[in-house]
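In the working numbering, the protein residues as written are 15 to 451.
Ideal Cβ placement from N, Cα and C applies to all residues, glycine included.
Treat the numbers as computed from the prediction; the structure is a model and nothing was measured.
Beneath this line is the structure, given in structure tokens, with notes to follow.
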């Protein structure tokens with residue numbers, strides 16, 4: 015059993031304040047945050063006190079699926095840091111903490127490149143106690159590890175996806191995972207949309223089963239922002255295809271006062287309006303849907319905003335020739351790859367009137383500098399707002415982080431697919447399985 019050295023003590027409350035809470039600190043922002051309420055709140059680890067936790071073995075599912083370089087060194091520890099408040103709370107209250115996660119996509123059993131050893135080392139640097147690690151997540155090695163644990167200690171189990179029954183939500187495997195624990199905490203929002211053994215199946219065998227601080231925070235912001243926003247409420251939806259954002263747009267048209275569209279999907283809407291779009295990306299089979307969405311917005315009195323100008327290029331390449339044109343004057347053979355400066359100004363005006371904003375999807379191909387201005391301008395605008403600003407997962411998170419503005423937003427979601435499905439109004443199996451508050 016491996017062990018890693020501990021870092022200097024830092025309380026869960028202090029760590030959360032230092033590394034995890036991105037909430038803005040003006041009174042207006044605080045009031046806006048207080049307005050977020052979730053109708054069907056799940057029981058949280060914060061509802062459990064020392065008497066509930068001391069001496070108990072707690073099985074904690076985290077999302078520690080961090081990127082590693084060729085030398086198996088962590089290149090971004092955001093997900094590990096996001097798990098610390100829950101783990102530190104359990105440690106402070108005398109629990110024996112079993113931590114589990116997946117890492118990568120193992121194909122057939124254990125693979126050294128997908129072992130959680132680097133994660134364990136980083137956890138020890140961030141937690142106030144040392145972290146031991148075992149080379150399995152079920153069986154006698156876990157039994158022996160638990161038998162040797164003191165109150166307030168942490169043991170990292172091995173990658174749950176080394177077992178095929180994890181993703182199959184195998185009942186026997188779920189029972190094995192839960193065999194040496196007393197209760198369950200799910201803090202893995204990034205996998206909450208998956209009905210896996212470690213995210214849903216174990217709840218059949220462990221009670222209580224509660225949300226960790228990170229998972230609860232995601233629900234408070236993403237669900238709360240849509241269910242009970244401080245108004246005016248604007249949703250910004252970007253990305254390349256309408257087909258990938260249909261559910262999000264439909265849901266937000268029922269909730270938002272304004273919806274701003276950007277990214278490649280806008281050209282399907284322009285085609286639906288009878289405009290020539292050159293060589294821009296168009297989903298011809300979604301043109302009728304675009305018409306329906308525009309009609310729905312008008313029917314509901316939602317302000318649906320499309321860019322008035324775009325940056326076009328003669329090729330999909332970083333060194334392509336570019337020009338900025340009106341959406342009514344896209345040249346043949348040219349493709350739109352970003353929103354234009356006039357659109358940015360129009361969108362900024364609309365956003366400055368809003369008290370809550372949620373953003374999912376970039377305004378252009380921000381990975382290329384020539385087509386990143388629109389996305390970064392929107393990020394700058396959100397960073398300056400006084401209200402609630404939520405970055406709802408996916409490429410928009412990457413864009414905000416690339417712009418160096420992550421700490422200026424109220425909330426940066428840690429989930430990609432989970433964020434999208436929650437915004438679509440879908441039930442997340444990993445959340446649904448938890449105890450009601």
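*Rounded to the nearest angstrom, how far is the Cβ of residue 389 from that of residue 378, given a contact under 8 Å?*
Position 375 of the chain shown, counted from the first residue, corresponds to residue 389. Position 364 of the chain shown, counted from the first residue, corresponds to residue 378. Rounded, the Cβ-Cβ distance is 6 Å, consistent with contact.
*asked:* In the DSSP output, which residue or residues are listed as bridge partners for residue 373?
replied: Translated into positions along the chain shown, residue 373 becomes position 359. Bridge partners of residue 373: 250, 405.
*Does the Cβ of residue 340 have 16 or more other Cβ atoms within 10 Å, making it buried, or fewer, making it exposed?*
What you label residue 340 is simply residue 326 of the chain shown in a count that begins at 1. Residue 340 is exposed by the Cβ-count criterion.
*asked:* Given this structure, state the Cα-to-Cα distance separating residue 413 from residue 102, to the nearest angstrom.
replied: For the purposes of this step, residue 413 is taken as residue 399 along the chain shown, with counting starting at 1. For the purposes of this step, residue 102 is taken as residue 88 along the chain shown, with counting starting at 1. Each residue's Cα considered, the two are about 30 Å apart.
*As assigned by DSSP and simplified to three states, the class of residue 427*: The sequence position of residue 427 within the chain shown is 413, counting from 1. Assigned with DSSP and collapsed to three states, residue 427 falls in coil, not helix or strand.
*Mind checking whether residue 328 and residue 348 have CB atoms under 8 Å apart?*
Residue 328 sits at position 314 when you count from the first residue of the chain shown. Residue 348 sits at position 334 when you count from the first residue of the chain shown. Cβ distance < 8 Å, so residue 328 and residue 348 count as in contact.
*Determine, using beta carbons only, whether residue 344 and residue 372 come nearer to each other than 8 Å.*
Mapped onto the chain shown, residue 344 falls at position 330. Mapped onto the chain shown, residue 372 falls at position 358. For residue 344 and residue 372, no; Cβs fall outside 8 Å.
*Taking the C-alpha atoms as reference points, what is the distance between residue 95 and residue 287?*
One-based indexing of the chain shown puts residue 95 at position 81. One-based indexing of the chain shown puts residue 287 at position 273. Roughly 46 Å separates the two Cα atoms.
*Are the beta-carbon atoms of residue 376 and residue 215 separated by less than 8 Å?*
Taking the first residue of the chain shown as 1, we reach residue 376 at position 362. Taking the first residue of the chain shown as 1, we reach residue 215 at position 201. No, they are not a contact pair.
*At 4 residues or longer, and completely inside the region 149-201: list those alpha helix (DSSP H) runs for me, N to C.*
Runs of the alpha helix (DSSP H) inside the region 149-201: 154-161, 178-181, 185-192.
_Taking 8 Å as the cut-off, does the region 170-185 touch the region 194-205 (at least 3 CB pairs, one atom from each stretch)?_
no
*Going by DSSP, name the residue or residues bridged to residue 58.*
Counted from its first residue, the chain shown places residue 58 at position 44. Answer by DSSP bridge pairing, in chain order: 225.
_Could you check whether residue 374 and residue 262 sit closer than 8 Å to each other, using their CB atoms as the reference points?_
Numbered from 1 along the chain shown, position 248 holds the residue referred to as residue 262. Numbered from 1 along the chain shown, position 360 holds the residue referred to as residue 374. In contact: residue 262 and residue 374 (Cβ atoms closer than 8 Å).
*Can you name the start and end residues of the alpha helix (DSSP H) that residue 261 belongs to?*
Locating residue 261 in the chain shown gives position 247, counting from the first residue. Segment 260-267, the alpha helix (DSSP H) holding residue 261.
*asked:* For residue 54, which residues in the same chain have their Cβ closer than 8 Å to its Cβ, ignoring the five residues on either side in sequence?
replied: Within the chain shown, residue 54 is the residue found at index 40, counting from 1. Note that residue 54 scores a pLDDT of 46, beneath 50, so its modelled location is shaky and nothing firm can be said.
*What is the DSSP secondary structure of residue 15, reduced to helix, strand or coil?*
Position 1 of the chain shown holds residue 15. It is coil, neither helix nor strand.
*Assumed close pair residue 272, residue 316 - CB separation to whole angstroms, cut-off 8 Å*: Mapped onto the chain shown, residue 272 falls at position 258. Mapped onto the chain shown, residue 316 falls at position 302. 7 Å between Cβ atoms; contact.
*asked:* For residue 180, count the other beta carbons within 10 Å of its own beta carbon; 16 or more makes it buried, fewer makes it exposed. Which is it?
replied: Here residue 180 is taken as the residue at index 166 of the chain shown, counted from 1. Burial call: buried.
*Neighbourhood of residue 157 by C-beta distance below 7 Å, restricted to the same chain and skipping five residues each side*: Counting from one through the chain shown, the residue named residue 157 turns up at place 143. For residue 157, where only same-chain residues beyond five positions count, the Cβ hits under 7 Å are 194.
*Go ahead and pull the three-state DSSP assignment for residue 383.*
Here residue 383 refers to the residue found at position 369 of the chain shown. In this structure, residue 383 counts as helix in the three-state DSSP scheme.
*asked:* Given 7 Å as the limit, tell me if residue 383 has its C-beta closer than that to any heavy atom belonging to the ligand SAM.
replied: The ligand SAM is not part of the structure shown, which contains no ligands of any sort.
*asked:* Assuming residue 110 is part of the beta strand (DSSP E), what are its boundary residues?
replied: Along the chain shown, read from residue 1 onward, the residue named residue 110 stands at position 96. Residues 110-114.
*How about residue 207 and residue 431: are their beta carbons less than 8 Å apart?*
The count along the chain shown starts at 1 and reaches residue 207 at position 193. The count along the chain shown starts at 1 and reaches residue 431 at position 417. Cβ distance < 8 Å, so residue 207 and residue 431 count as in contact.
*In its own chain, which residues sit with a C-beta less than 6 Å from the C-beta of residue 151, not counting the 5 before and 5 after it?*
Taking the chain shown and counting its residues from 1, the one referred to as residue 151 is at position 137. 114, 171, 172, 174.
*Rounded to whole angstroms, what's the CA-CA distance from residue 118 to residue 210? Just pull it up for me.*
Numbered from its first residue, the chain shown carries residue 118 at position 104. Numbered from its first residue, the chain shown carries residue 210 at position 196. Their Cα atoms are separated by approximately 15 Å.
*In chain order, which continuous runs of the alpha helix (DSSP H) of length 4 or greater are located wholly inside the region 76-109?*
92-106
*To which residues does DSSP link residue 73 through a beta bridge?*
In the chain shown, residue 73 corresponds to position 59, counting from 1. Bridge partners of residue 73: 112, 198.
*What span of residues does the alpha helix (DSSP H) with residue 216 cover, start to end?*
Counting from 1 along the chain shown, the entry for residue 216 is found at position 202. From DSSP, residue 216 is part of no alpha helix (DSSP H); its letter is neither H nor E.
*For residue 327: DSSP bridge partner residues*: Walking along the chain shown from the start, residue 327 turns up at place 313. Note: residue 327 sits in a beta bridge opposite 336, 349.
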